[in-house]
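Chains as they are written, first to last, in this note's numbering: chain A, 8 to 332; chain D, 8 to 332; chain R, 8 to 332.
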Amino acid sequence: MKLSEIAAHINAELIGDGATEIHSIAALEQAGPGQLSFLSNAKYLQEFESTRAAAVIVPKGVESDRLTLLRSKDSYYAFAQAMVLLHGHRRHPHVGIHPRANVDPTATIGENTVIYPGVFVGPRARIGRDCILYPNAVIYDECVLGDRVIIHAGTVIGVDGFGYATHAGVHHKIPQAGNVTIGDDVEIGANCTIARGALVNTVIGAGTKIDGLGMIGHGATIGPGCMIVAQVGIAGSTTVGKYVTMGGQVAITGHLTIGDGATLAGRSAVMTDIEPKATVMGMPAMPVSHARRVYVAFSRLPELVDRVKRLERNAEPPSDGDDKD
Amino acid sequence: MKLSEIAAHINAELIGDGATEIHSIAALEQAGPGQLSFLSNAKYLQEFESTRAAAVIVPKGVESDRLTLLRSKDSYYAFAQAMVLLHGHRRHPHVGIHPRANVDPTATIGENTVIYPGVFVGPRARIGRDCILYPNAVIYDECVLGDRVIIHAGTVIGVDGFGYATHAGVHHKIPQAGNVTIGDDVEIGANCTIARGALVNTVIGAGTKIDGLGMIGHGATIGPGCMIVAQVGIAGSTTVGKYVTMGGQVAITGHLTIGDGATLAGRSAVMTDIEPKATVMGMPAMPVSHARRVYVAFSRLPELVDRVKRLERNAEPPSDGDDKD
Amino acid sequence: MKLSEIAAHINAELIGDGATEIHSIAALEQAGPGQLSFLSNAKYLQEFESTRAAAVIVPKGVESDRLTLLRSKDSYYAFAQAMVLLHGHRRHPHVGIHPRANVDPTATIGENTVIYPGVFVGPRARIGRDCILYPNAVIYDECVLGDRVIIHAGTVIGVDGFGYATHAGVHHKIPQAGNVTIGDDVEIGANCTIARGALVNTVIGAGTKIDGLGMIGHGATIGPGCMIVAQVGIAGSTTVGKYVTMGGQVAITGHLTIGDGATLAGRSAVMTDIEPKATVMGMPAMPVSHARRVYVAFSRLPELVDRVKRLERNAEPPSDGDDKD
């Protein structure tokens, strides 16, 4: 494909020769003739200077004496479009429901949905159209997936919420009568666990993306449009607003409300409601500007202790022993 | 079912009309005529005031001018009983061992145990009666499950413990000759990993409940009667006593002893033995009353630094420059 | 097997009667006649004093009046060798590819590799020889495993990296065109998730061992020779050097470099590059000697606040009210 065609497709400004033929995309260090590359991060400027790529997608403002550039206002999106154009999404080895998937006869599966072997879809579950369920994903009974939902391998949707009533030393299991309802265009990474609610449904709003090993508790409501990085744990009955971003290993306790557009930095431990658009970090999670000062002071604590010791020494009325030192 | 019958069954005091017919249970906000609801948490008093439920299960002391109440000393247990009465536990789409489960011919399976498709039960494993093994659960060779054990989808029991002897730059695998032994009435959530011991068995005591994505290391002993929330990691050879409660993402290092009845708050990092009945939190885990003071001081660290600075400034002998300020 | 033969095989010094017959290995507390045991940790000296084992493998320097000893410079390695000698590694219930494994016809599988039921191996994946893929492990398309690789149950190799370009409120999926390439002698525990790269491959170097529930992000490079304990999360594009050791629940953010031979203590939150051979701990991760002082000061914060309060009180000019106290 000609570079000029790619530039037109991804809506980028072409600076250089548009007739160059491009066959694939590669990282700056690996790219060679016939390959397009991408400057993703200021950390990689050195690789940019020395790349052998035929052309490079760059953000506005980046220049080069020697390289052909595709300059874009939203260079990451331009890169994504080029990836789809040149590499495309995965082609599945089969269409429809693989004979070794285990789909209950009372479940319904939408048109054009691909179900890999080892997948389980329980009674009365409803799966939309154009979905992909990767190998060994498990959808418990009654759960509902919208259209174009992608569930990666080993992920479990609709497992019983962790609900017990402890009475006379016995933990009595509470039937979990809700389901999990997943909106359109949701993608969930590998080996996640999304629990069903006891009374209300657990809801993952449209367009939300959840990375691997995430845990969503029973009766939580997430999204739409959230981005949730790996190993996050969200406890039961918490409500996460629209377009919330979470870094890896974040924990949120139960019965909280996380406002729309909030950002929770990686490893945050969230134990209170979070305001819309707030950015928090730390354990416990604090507004980010305050948290930064807290963590700077934290890492200098031994010095602070020494300073207090010095103040104490100076404040003491001189004793005989001290006089002699 | 008549409300009076439900009240009798769950041993609750009926305040209002016992003749009302109830068909199901719903959350306060969603409940309507013919539905029973439940006040679980003081956070939901507003929903309680406005609910359209036919009746509400409440703890002792709660009153209402307008609602029919089922009042109980242990209202959460009363709710659990009502859920079992009205909704019941899951009805499985098949009985016994699904033809697509992979059960080794040398394994033994108790009566009335349900094994879903994709489950693997290895050589010489022994599964008790009335168990449920959900899709794609994996039981390695020699492991033993008691009666009424529930293993959710994707959970792996008896994987090799993480044991290597490093010699001359090579990590040599140590055969893990122990098994995992699970007591009666244990329930383990989805995608957990319970490692077998090298020499001794890993033991999960009767009635213990473990939420999703938990990791139990080789040779650990847990319970009986523990409640372990999601994403907990317990390292090898640690002994957890009876009726210990752990919040989500707790970590416990190896070779420790956690006393009976202890409570480990979510995200605690436990690096020392814990006394029976102690409640700890934090990283590192500290007794909770102390930890609360530590974390309050922590979140005010920038202010403390400023106070120390001020003390230092005041303690300084006045210099010419300072005099002029 | 005679003790003298075992001593010769594991290259240990025999102190006592070499003619004793040994049939197996057991922990100090459980061991009886005919059993060899092992002193692994100074914590277990009491069990060592009272063991009924026929003989005990011990490090240099350990003596006993009553026990037959196998003394070794590297006693843990000696124990590992004895375990292999007396117990051996798992014998698999079948050879080759189980008929209920799902191996794409375009995948290649090396000689003598054991593939359990429920395993999925995608298009064009290449698996080396003498590998073991335990039940329900999933290898996505194009991934490459070396020889003698062990993948435990439920682990997912090659899931799409968490890559989206957000444009006009929509998270657009970026095709992940790289693969996961795993070196020889790697072992990965149960229910891990190793994501494929977008442009470059995710690489797990030879001899690296990863415990259960670990998450490796897209485009990361690990090892060779690393030891990574359970529930670790390593974000995309991070490079981990040779022989790096990580405790449980460590988190590393993206685009970092962890030097050869570094040690990251359990629960460390690593947000900067780490020097070769450095040992770090804490959140944020700090050099261990500094971190220890920080955490000691942290756990004494309430006391420090009191000391500052006292200094402030003493520094105040005496007021009328104070005079009267």
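We treat Cβ as the ideally placed atom computed from N, Cα and C, and that holds for glycine.
Given 8 angstroms, three or more beta-carbon pairs between the region 223 to 235 of chain A and the region 194 to 212 of chain A: yes
Chain D within 8 angstroms of R/Glu194, Cβ atoms only: Counted from its first residue, the third sequence places residue 194 of chain R at position 187. With 8 angstroms as the cut-off, R/Glu194 counts as an interface residue toward chain D.
Heavy atom of the ligand ADP within 7 angstroms of A/Met90 beta-carbon: This structure simply doesn't include the ligand ADP, nor any ligand for that matter.
At least three beta-carbon pairs within less than 8 angstroms, the region 50 to 62 of chain A to the region 160 to 173 of chain R: no
Within 8 angstroms, strictly: CB atoms of D/Ile189 and D/Val239: Within the second sequence, the letter at position 182 stands for residue 189 of chain D. Within the second sequence, the letter at position 232 stands for residue 239 of chain D. No; because the gap between Cβ atoms is not below 8 angstroms, this pair is not in contact.
Residue span of the beta strand (DSSP E) that contains R/Ser79, given as start and end: Stepping through the third sequence from its first residue, residue 79 of chain R is reached at position 72. Looking at the DSSP string, the run of the beta strand (DSSP E) that includes R/Ser79 is Leu76 to Ser79.
Exposed unless 16 or more other CB atoms sit within 10 angstroms - verdict on A/Gly328: Walking along the first sequence from the start, residue 328 of chain A turns up at place 321. The predicted model places A/Gly328 with a pLDDT of 47, which falls under 50 and marks its position as unreliable; any figure quoted below should be read in that light. It counts as exposed.
First through last residue of the alpha helix (DSSP H) which encompasses D/Ser244: To locate residue 244 of chain D, count along the second sequence from 1; it is residue 237. It is not in any alpha helix (DSSP H) - D/Ser244 carries neither H nor E in the DSSP assignment.
CA-to-CA distance, R/Asp313 to R/Lys331, given in whole angstroms: The count along the third sequence starts at 1 and reaches residue 331 of chain R at position 324. The count along the third sequence starts at 1 and reaches residue 313 of chain R at position 306. Low local confidence applies: a pLDDT of 39 at R/Lys331 is under 50, so the model's placement there is unreliable, with the coordinate-based value given in what follows. Rounded to whole angstroms, R/Lys331 to R/Asp313 spans 22 angstroms at the Cα level.
Proximity to A/Arg78 [Cα-Cα], best of A/Lys67, A/Glu149, A/Ala322 and A/Gln256: As a working mapping, residue 78 of chain A is identified with position 71 in the first sequence. The shortest Cα separation from A/Arg78 among A/Lys67, A/Glu149, A/Ala322 and A/Gln256 belongs to A/Lys67.
Contacting residues, own chain, Cβ-Cβ under 7 angstroms from R/Ala276 (five flanking each side not counted): Here residue 276 of chain R refers to the residue found at position 269 of the third sequence. Closer than 7 angstroms at the Cβ level, and outside the excluded window around R/Ala276, lie Ala258, Met290, Pro291 and Ala292.
Nearest neighbour of D/Val236, chosen from A/Ile235, A/Ala242 and A/Met234 [CA to CA]: Translated into positions along the second sequence, residue 236 of chain D becomes position 229. That would be A/Ala242, whose Cα lies nearest to the Cα of D/Val236.
Within-8 angstroms CB hit, R/Asn109 to chain D: Mapped onto the third sequence, residue 109 of chain R falls at position 102. With 8 angstroms as the cut-off, R/Asn109 does not count as an interface residue toward chain D.
Rounded C-alpha distance that separates R/Phe45 from R/Thr162: Indexing the third sequence from 1 puts residue 45 of chain R at position 38. Indexing the third sequence from 1 puts residue 162 of chain R at position 155. If I take the Cα positions, the gap works out to 32 angstroms.
Beta-carbon proximity list for R/His262, same chain, < 7 angstroms, skipping 5 on both sides: Walking along the third sequence from the start, residue 262 of chain R turns up at place 255. Counting only Cβ-Cβ distances below 7 angstroms, and skipping sequence neighbours, we find Ser244 and Thr245.
Neighbour flag for R/Gly23 against chain D, beta carbons, 8 angstroms: Locating residue 23 of chain R in the third sequence gives position 16, where the first residue counts as 1. Not an interface residue.
Opposing strand residues paired with A/Leu152 [DSSP bridges]: Start at 1 with the first residue of the first sequence, and residue 152 of chain A comes out as number 145. Its beta-bridge partners are A/Ile134 and A/Ile189.
8 angstroms contact criterion, which D/Gly196 and D/Gly221 should meet: CB distance rounded: The sequence position of residue 196 of chain D within the second sequence is 189, counting from 1. The sequence position of residue 221 of chain D within the second sequence is 214, counting from 1. Going by Cβ atoms, the distance from D/Gly196 to D/Gly221 rounds to 7 angstroms, so yes, they are a contact pair.
Test: A/Glu323 CB closer than 8 angstroms to a CB of chain D: In the first sequence, the residue the question calls residue 323 of chain A occupies position 316. So no, A/Glu323 is outside the interface.
Candidates R/Ala34, R/Met234, R/Ala184 and R/Gly273: closest to A/Val91 by CA position: In the first sequence, the residue the question calls residue 91 of chain A occupies position 84. The candidate whose alpha carbon is nearest that of A/Val91 is R/Ala184.
Per-residue contacts from A/Pro66 into chain D (C-beta, under 9 angstroms): For the purposes of this step, residue 66 of chain A is taken as the residue at position 59 of the first sequence. Residues of chain D passing the Cβ test: none, with the nearest at roughly 35 angstroms.
Residues that DSSP places opposite A/Val282 in a beta bridge: One-based indexing of the first sequence puts residue 282 of chain A at position 275. Correcting the residue identity first, residue 282 of chain A is Glu in this sequence and not Val. Beta-bridge pairing links A/Glu282 to no other residue.
6 angstroms CB neighbourhood of R/Gly25 in its chain, flanking five on each side removed: Translated into positions along the third sequence, residue 25 of chain R becomes position 18. Around R/Gly25: Leu10 and Ser11.
Short CB-CB distance (under 8 angstroms) between A/Ala237 and chain D: As a first step, residue 237 of chain A must be located in the first sequence, where it is residue number 230. Taking Cβ atoms only, chain D never reaches closer than 8 angstroms to A/Ala237, which makes this a no.
Cβ-Cβ distance between R/Ala322 and D/Leu318 below 8 angstroms: Stepping through the third sequence from its first residue, residue 322 of chain R is reached at position 315. Stepping through the second sequence from its first residue, residue 318 of chain D is reached at position 311. Taking 8 angstroms as the Cβ cut-off, R/Ala322 and D/Leu318 qualify as a contacting pair.
Top-ranked residue by Cα proximity to A/Arg97, from A/Thr115, A/Cys138 and A/Ile223: Counting from one through the first sequence, the residue named residue 97 of chain A turns up at place 90. Ranking the options by Cα distance to A/Arg97, first place goes to A/Cys138.
Beta bridge counterpart(s) of R/Tyr171 as assigned by DSSP: Taking the first residue of the third sequence as 1, we reach residue 171 of chain R at position 164. Its beta-bridge partners are R/Lys180.
Buried versus exposed call for A/Thr115 [16 or more other C-beta atoms within 10 Å across all chains shown]: Residue numbering aside, residue 115 of chain A sits at position 108 when the first sequence is read from its first letter. With fewer than 16 Cβ atoms within 10 Å of its Cβ, A/Thr115 is classed as exposed.
Cβ shell of D/Ala17 (< 6 angstroms), same chain only, five flanking positions each side left out: On the second sequence, residue 17 of chain D is found 10 positions in, with the first residue counted as 1. Contrary to the premise, residue 17 of chain D reads as Ile rather than Ala in this sequence. Excluding sequence neighbours, D/Ile17 sits near Ala85, Gln88 and Ala89.
One or two residues paired with D/Ile29 in a DSSP bridge: Translated into positions along the second sequence, residue 29 of chain D becomes position 22. Answer is none; D/Ile29 lacks a bridge partner.
Residue-level contact to chain A via CB, R/Pro130, 8 angstroms cutoff: Taking the third sequence and counting its residues from 1, one reaches residue 130 of chain R at position 123. Judged by the 8 angstroms Cβ criterion, R/Pro130 is in contact with chain A.
D/Pro40 (DSSP reduced to helix, strand or coil): The sequence position of residue 40 of chain D within the second sequence is 33, counting from 1. Coil, per DSSP.
Complete beta strand (DSSP E) runs within the region 254 to 283 of chain D (minimum length 3 residues, chain order): none
Extent of the continuous alpha helix (DSSP H) run through R/Leu4: With chain R running from 8 to 332 in the structure shown, residue 4 of chain R is simply not present.
Minimum Cβ-Cβ distance from R/Ile13 to chain A less than 8 angstroms: Start at 1 with the first residue of the third sequence, and residue 13 of chain R comes out as number 6. Chain A, which has no Cβ nearer than 8 angstroms to the Cβ of R/Ile13, makes this no.
Three-state secondary structure (DSSP) of A/Lys331: Within the first sequence, residue 331 of chain A is the residue found at index 324, counting from 1. Bear in mind that the predicted position of A/Lys331 carries a pLDDT of just 40, short of 50, making it unreliable; the figure below should be weighed with that in mind. DSSP places A/Lys331 in helix when its eight states are reduced to three.
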